[in-house]
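Just so you know, the sequences run in chain order A and B. Start counting the first sequence at 25; every next residue gets the next number (our numbering). Start counting the second sequence at 87; every next residue gets the next number (our numbering). Note that beta-carbon positions come from the ideal geometry of N, C-alpha and C, so glycine has one too. In this text the structure is predicted, and so the values were computed from the model without any measurement. Input: a single structure, listed below in structure tokens.
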Amino acid sequence: MASETGIGASVKRKEDARFITGAGNYTDDINAPGQTHAVFVRSPYARARINGIDTAAAAATDGVVAVFTGADLAADEIGDLPCGWLVKSKDGSDMVAPPHPPIATEAVNYVGEPYAVVIGETLEAARNGAEAVDADFEERPAVVDLATAASADQIHESVPNNQAYDWELGDKAATDAAFDGAHHVATVDIVNNRLIPNAIEPRAALGEYDAAAGTYTLHTTSQNPHLERLVLAAFVNVAPEARLRVISPDVGGGFGSKIFVYAEETAVIWAAGKVRRPVKWRAERSESFLADAHGRDHVTTAQLALDQNGKFLGLRVKTKANMGAYLSTFASSVPTYLYGTLMAGQYTTPAIYVEVQSLYTNTAPVDAYRGAGRPEATYVVERCVETAAREMGIDPAEIRRRNFIQPGDFPYDTPVALTYDTGDYEASLDKALGHIDYAGFGARRAASESAGKKRGIGFSCYIEACGLAPSQVAISLGAGVGLFEVGEVRVDVTGSVTVVTGSHSHGQSHETTFAQIISDKLGVPFENVTVLHGDTGRSDYALGTYGSRSLAVGGSAIIKATDKIIAKGKKIAAHILEAQEDQMDFADGTFTVVDSNQSITFGEVAFAAYVPQNYPLEELEPGLSEKAFYDPPNFTYPAGAHICEVEVDPDTGVVDIVDFVAVDDFGHVVNPMIVEGQVHGGLAQGIGQALLEHGVYDDAGQLLSGSYMDYTMPRADDLPSFTVDTTVTPCTHNPLGVKGCGEAGAIGSTAAVMNAVTDALGVASVPMPATPETVWRAASARGSSAEGAERGE
Amino acid sequence: MYQFNYHRPSTLEEAVGLMSGAEDGVYLSGGMTLIPTLKQRLASPSDVIDLGAIPGLTGVTVNDGTVSVGGMTRHAEVAASDAIPALADLASRIGDAHVRNRGTIGGSLANSDPAADYPAAVVALCGTVHTTTRSIAASDYFTGLFETALHDGEIVTSVDFCMPDVAAYEKFPNPASRYAVVGVMVARCPGCICVGVTGAGACAFRAAAMEEALAADFSPGALDGVSVDHSEFNSDIHASAEFRGHLVGVLAKRAVARIA
Chain A
25 MASETGIGAS
35 VKRKEDARFI
45 TGAGNYTDDI
55 NAPGQTHAVF
65 VRSPYARARI
75 NGIDTAAAAA
85 TDGVVAVFTG
95 ADLAADEIGD
105 LPCGWLVKSK
115 DGSDMVAPPH
125 PPIATEAVNY
135 VGEPYAVVIG
145 ETLEAARNGA
155 EAVDADFEER
165 PAVVDLATAA
175 SADQIHESVP
185 NNQAYDWELG
195 DKAATDAAFD
205 GAHHVATVDI
215 VNNRLIPNAI
225 EPRAALGEYD
235 AAAGTYTLHT
245 TSQNPHLERL
255 VLAAFVNVAP
265 EARLRVISPD
275 VGGGFGSKIF
285 VYAEETAVIW
295 AAGKVRRPVK
305 WRAERSESFL
315 ADAHGRDHVT
325 TAQLALDQNG
335 KFLGLRVKTK
345 ANMGAYLSTF
355 ASSVPTYLYG
365 TLMAGQYTTP
375 AIYVEVQSLY
385 TNTAPVDAYR
395 GAGRPEATYV
405 VERCVETAAR
415 EMGIDPAEIR
425 RRNFIQPGDF
435 PYDTPVALTY
445 DTGDYEASLD
455 KALGHIDYAG
465 FGARRAASES
475 AGKKRGIGFS
485 CYIEACGLAP
495 SQVAISLGAG
505 VGLFEVGEVR
515 VDVTGSVTVV
525 TGSHSHGQSH
535 ETTFAQIISD
545 KLGVPFENVT
555 VLHGDTGRSD
565 YALGTYGSRS
575 LAVGGSAIIK
585 ATDKIIAKGK
595 KIAAHILEAQ
605 EDQMDFADGT
615 FTVVDSNQSI
625 TFGEVAFAAY
635 VPQNYPLEEL
645 EPGLSEKAFY
655 DPPNFTYPAG
665 AHICEVEVDP
675 DTGVVDIVDF
685 VAVDDFGHVV
695 NPMIVEGQVH
705 GGLAQGIGQA
715 LLEHGVYDDA
725 GQLLSGSYMD
735 YTMPRADDLP
745 SFTVDTTVTP
755 CTHNPLGVKG
765 CGEAGAIGST
775 AAVMNAVTDA
785 LGVASVPMPA
795 TPETVWRAAS
805 ARGSSAEGAE
815 RGE
Chain B
87 MYQFNYHRPS
97 TLEEAVGLMS
107 GAEDGVYLSG
117 GMTLIPTLKQ
127 RLASPSDVID
137 LGAIPGLTGV
147 TVNDGTVSVG
157 GMTRHAEVAA
167 SDAIPALADL
177 ASRIGDAHVR
187 NRGTIGGSLA
197 NSDPAADYPA
207 AVVALCGTVH
217 TTTRSIAASD
227 YFTGLFETAL
237 HDGEIVTSVD
247 FCMPDVAAYE
257 KFPNPASRYA
267 VVGVMVARCP
277 GCICVGVTGA
287 GACAFRAAAM
297 EEALAADFSP
307 GALDGVSVDH
317 SEFNSDIHAS
327 AEFRGHLVGV
337 LAKRAVARIA
């Protein structure tokens, strides 16, 4: 470790002082003079024709400034909200996306879809106006059930069979052949439950229009303000990029749900131009439930073929993925390129074939949510592996060992398009087995039995692909944007450093982690480094934060820029010290002439760059500020072993997680404390999916879990004290050797919990989430109740 | 929230008078249900009559085998009282600390949420609900889903509970809201054995078959094979009527096991 604040040190977070003292600067904290307030009028129906909208009474309401419908946006040529990844079906045809006007015009297709927006002098006035909007709806039968959506009523005129696409990946013939020769086939039928993201800060937007300059400024809760700007400019047609600034200030959590470009900020920035006053909107929590993009929601049948020794021969996966009513910003990529490509897991399975049919329903759009496709893939693979182990009587740890890709096999080409660069899966598993005391499980199970409880243990050896890359490959597969990141390192005259990253922090601690890297690389005191982010007016075009890419991609751009700083610094130092540039060494903040006692500090070089007296101005520009774009050559592949031990009360169906071990390989770790925090949060979300969280619609498409009274967010007392540890195989293709840690907890843990619950009960499967009634039914061999039945089962 | 007239009377008489003069008035006690309802614009009363300034409506007192709890007594105060340990235990498990420091027993009983905890104790501890006009026995008080025997304008002033020999409350909380999916209080009093159930049905009730079985043999085993009719029970995404029926049996047994 270089220092107490360098790479590898658990430095306390710079951001926390303002967050825990209420001094954060969130979108809703920002108010503009003359500000108005927007309230969206939302559909009470899951599916209805709009025969007409009468806004007269709303417009006449005291304090109402304006009332807009979809027709007003259309008249201004405001475009549809686009999906940024073109996926093709098996037959080569393009995916089918229905029109998605920001404000519904002809029909509403999910409960909560906005069909008008009321701008008021006050929030209260806007609310009163919203209640006075009178729409004439013609209700139509809602399509809610994913399993039968393809044969249900057609929702969108332009979308036959409610199908977005029918996609495939892998070698079907080779996989069929593998099954033909199999000794055993394990089959799982699983539902990956719909989740509702619930960042602690609801989405918000403040739109401002400067009539004199003709410029727009949008403050909003975005994980990627440049993407927001690009979409609003190039596709939605609000304003040209150069006249639209998007600022994403402090943001309280995203988990993917704030990647997307939504109706609300689109309408707010457009309306600011119409009413020539700032327009503010902040979601109520109930609006977040209805109108944030949801996550997961798959129905899958999967089969694993094995030989007589438990060696995997082939994997066959057939999934239906729920897109909701429209195709959200990156929805198409989640159940395809972020899902099918992960089906090899940590194993040498030689033949894999994945089919995914994505379907529309009259529910909120579904898009990326922490892990995005990879938790779903892990759930499929690890439920298959565990099922096969039990059916063949092989220890679940042992069957995984027999199939792991070995350290000597890297780089390893999987049959599903990825090349893993490095890993040591057995090392993580061994460490996890030690932490959980696997050898002592039998005795613990016996003790539980004698207390009337059922104890189970479940494994999940997951892999994920982070830092989506490289741009050229992704674009050739349909991505509409590049996947690089930009970083800028500005050395100030006095030697302090300002870093501008295109990556965005909404909980990830960039201000701390990136400062550690700079401090370590340049030898500048940690407290002299300031990290700026989240503003299209400050940074070059960037891609923002998603898919655990901040450090692996954004951090690499900063390293690249820092290397340029050091290279220029060497030139300056060589000039001042009258040495050759190639004789210069740089370490711990000092430039030294090799094999001499001549040296100059980084601060002195910086000063010389800005006060260029003794400076080679004829050869070198003044200043010490460098920028770099970094396009990763490959994904990174964090992987690990999660083991969960549960005790089930068979009388009530309550599952108690008595122990949870997560051993993850994130490559090198910059700040272990922050990484541990990321893992804890991810585990809470993964366990939440397994046991607690469920977005449920009734047959009419009404959201039944639309508040915290019914949507079970995991709380501290639902969770055990985690045992978190790491192993390290450094990423081979980025300068820091890092892989990313943001999603691992949510990717690995769900399968471990469900494998433990089924082990405890001695049953093949339990629907997810494993709520008390569900577990009680499984434990007492009762069928599912009409009320508690899982959709799709 | 819609606009309304706010009143803070200092006597019960004044409160009742304000209510009778209001077009569509509501009493505000702890506000744990009313205020969220107002904030979501799900109610639009003309007048909100805050009972918080009326003296003499709080506290837990013990008198000759009867425990009396003032209508405006906060859950936290009941939780801290040692008059009836099972009642204190029940109160300590209502909502969270914020709710317990605001919510009142009178407000809870007047609202009669099917998933509230207190009603189990009122029926199991032979409670009597005293109001501004009369006294209502527990068996007559709860009449349906969010329905009670209270008349318009009537205020719950106090609730009497009999002092049990032993009693215990078992709760299966809703994992999301932490309201009672099912709550069962079993009480053995000098003259009776009572099993009060909340959460399962439209309102709190006594499980007569269980009481008979326990009268013959006050042990968990006595409840084997004794079930409740769940055909009219509540059913939602957290628990079917059948599961609620099952839980009544499990929780009753566990309550008995704690005190038998």
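Verify the CB distance criterion: does Leu231 of chain B have a CB-CB separation below 9 angstroms to chain A? no
So Gly282 of chain B and Val209 of chain B are supposed to be a Cβ contact under 8 angstroms. How far apart are they, rounded? 4 angstroms
Return the first residue and the last residue of the alpha helix (DSSP H) that Ile600 of chain A is part of. Ser580 to Ile600
At a CB-CB cut-off below 7 angstroms, which residues of chain A make contact with Phe258 of chain B? Thr676
Neighbour-count burial assignment, Glu817 of chain A, 16 or more Cβ in a 10 Å radius: Since pLDDT at Glu817 of chain A reaches only 31, below the 50 mark, its modelled position is unreliable, and the value read off the structure follows with that caveat. The residue in question, Glu817 of chain A, is exposed, as its Cβ has fewer than 16 Cβ neighbours within 10 Å.
Compare the C-alpha of Asp110 of chain B against each of B:Ile135, B:Pro95 and B:Arg127 and name the closest. B:Ile135
Return the bridge partner residues of Lys342 of chain A from the DSSP annotation. A:Thr325 and A:Glu379
Compute the distance between the beta-carbons of Thr525 of chain A and Glu509 of chain A, then report whether it is under 9 angstroms. yes
Beta carbon of His208 of chain A, beta carbon of Ala329 of chain A: below 9 angstroms? yes
Residues near Gly627 of chain A in its chain [Cβ-Cβ closer than 6 angstroms; skip 5 each side]: Gly519
Any beta carbon from chain A within less than 9 angstroms of Val336 of chain B's own beta carbon? yes
Buried versus exposed call for Ala327 of chain B [16 or more other C-beta atoms within 10 Å across all chains shown]: buried
Ignore the nearest five residues each way along the sequence and tell me which others in Ala341 of chain B's own chain have a CB closer than 6 angstroms to its CB. Ala254, Glu256, Val270 and Val272
Proximal residues of chain B, C-beta to C-beta of Glu535 of chain A below 7 angstroms: Within chain B, no residue comes near Glu535 of chain A; the closest Cβ sits about 32 angstroms away, beyond 7 angstroms.
Check this for me: beta carbons of Gly348 of chain A and Pro221 of chain A, under 9 angstroms apart or not? no
Which word fits Tyr92 of chain B, buried or exposed, when buried means at least 16 other C-beta atoms lie within 10 angstroms of its C-beta? exposed
Does DSSP classify Pro306 of chain B as helix, strand or coil? helix
For Leu193 of chain A and Ala471 of chain A, which I take to be in contact (beta-carbon distance under 8 angstroms), what is that distance rounded to the nearest angstrom? Between Ala471 of chain A and Leu193 of chain A the Cβ distance is about 46 angstroms, and since that is not below 8 angstroms, they are no contact.
Where Ala301 of chain B and Glu422 of chain A are concerned, what is the direct C-alpha to C-alpha distance, given to the nearest angstrom? 56 angstroms
So which residues on chain B does Trp800 of chain A lean against when the C-beta distance must stay under 8 angstroms? Phe329 and His332
So, with DSSP's three-state summary, where would you put Arg815 of chain A? Low confidence applies to Arg815 of chain A: its pLDDT is 30, below 50, so where it sits in the model is not reliable enough to give any reading.
Using a Cβ cut-off of 9 angstroms (strictly closer), state whether Arg151 of chain A contacts chain B. yes
Quick check: Thr373 of chain A and Ile214 of chain A, are their CB atoms within less than 9 angstroms of each other? no
Might you give, ordered along the chain, the residues of its own chain that have their beta carbon closer than 7 angstroms to the beta carbon of Arg127 of chain B, omitting 5 neighbours on each side? Met87 and Tyr88
Meets three-Cβ-pair contact criterion under 8 angstroms: the stretch 221-228 of chain B and the stretch 170-182 of chain B: no
Residues of chain C with CB under 8 angstroms from Pro141 of chain B, in chain order? The question asks about chain C, but that chain is absent: this structure's protein chains are A and B.
Quick one: give me the first and last residue of the alpha helix (DSSP H) that Ile293 of chain A is part of. Ala287 to Val299
Buried or exposed for Leu641 of chain A, please, with buried defined as at least 16 other CB atoms from any protein chain shown within 10 angstroms of its CB. exposed
Could you tell me how far apart the beta carbons of Ala72 of chain A and Tyr134 of chain A are, in whole angstroms, since I believe they sit closer than 8 angstroms? Not quite, the Cβ-Cβ distance comes to about 10 angstroms (not below 8 angstroms), so this is no contact.
In whole angstroms, give me the CA-to-CA distance for Lys342 of chain A and Glu163 of chain A. 33 angstroms
At least one CB of chain B closer than 9 angstroms to the CB of Asp742 of chain A: is that the case? yes
Three-state secondary structure assigned by DSSP to Gly663 of chain A: Note on residue identity: the sequence assigns Ala, not Gly, to residue 663 of chain A. Looking at Ala663 of chain A - three-state DSSP - the assignment turns out to be strand.
Given this structure, state the Cα-to-Cα distance separating Ser175 of chain A from Ser543 of chain A, to the nearest angstrom. 59 angstroms
Which runs of the alpha helix (DSSP H) at least 4 residues long sit entirely within the stretch 205-262 of chain B? Give them in chain order. 224-227
Do the stretch 188-198 of chain B and the stretch 159-166 of chain B make contact, defined as three or more Cβ pairs closer than 8 angstroms? yes
Can a CB atom of chain B be found closer than 9 angstroms to the CB of Thr85 of chain A? no
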